[in-house]
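S.K.:
Residue numbers (the working numbering): 20 to 148.
(1) In this structure, does DSSP put residue 148 in helix, strand or coil?
(2) Around the Cβ of residue 120, are there at least 16 other Cβ atoms within 10 angstroms (buried) or fewer (exposed)?
(3) On the three-pair Cβ rule with 8 Å, is the stretch 113-127 touching the stretch 140-148?
(4) First and last residue of the alpha helix (DSSP H) that includes residue 101?
(5) Can you find the residues in the same chain that come closer than 7 Å, C-beta to C-beta, to residue 82, ignoring five residues on each side of it along the sequence?
(6) By how many angstroms is the C-alpha of residue 93 removed from the C-alpha of residue 111?
(7) In whole angstroms, give me the CA-to-CA distance for residue 97 and residue 104.
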């Protein structure tokens, strides 16, 4: 048995004649639109190519790593700290870029875009004086 991208496949190769018969059979395409017919032809072309398969060896079973509750909690704490730090950095950047008081709070992408424009403007101002 072969394992191909998560599917088990029969080892017996089909003949090119079988594939050609399926391609030339007019009944398969009745009622299909051109796009669907093209997709089917592409799929048939993929079938014609030999699949990249890997033999499954029962003796070499890969053990899946089991994550404990403590490890998961530690990962959650690290992620929380990372997000807190990232949010603080964006808040600091929002305070540095000039905005009007009546504007709504800038999103992250808006903050980054405004910071890029502001830095570019300040660079041009320094270079031209």
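Ideal placement from N, C-alpha and C gives every residue a C-beta, glycine not left out.
M.R.: Checking against the coordinates, here is how it stands:
(1) coil
(2) Taking all protein chains in view, the Cβ of residue 120 is surrounded by fewer than 16 other Cβ atoms within 10 Å, so the residue is classified as exposed.
(3) no
(4) 88-115
(5) none
(6) Approximately 27 Å, taken between the alpha carbons.
(7) 11 Å
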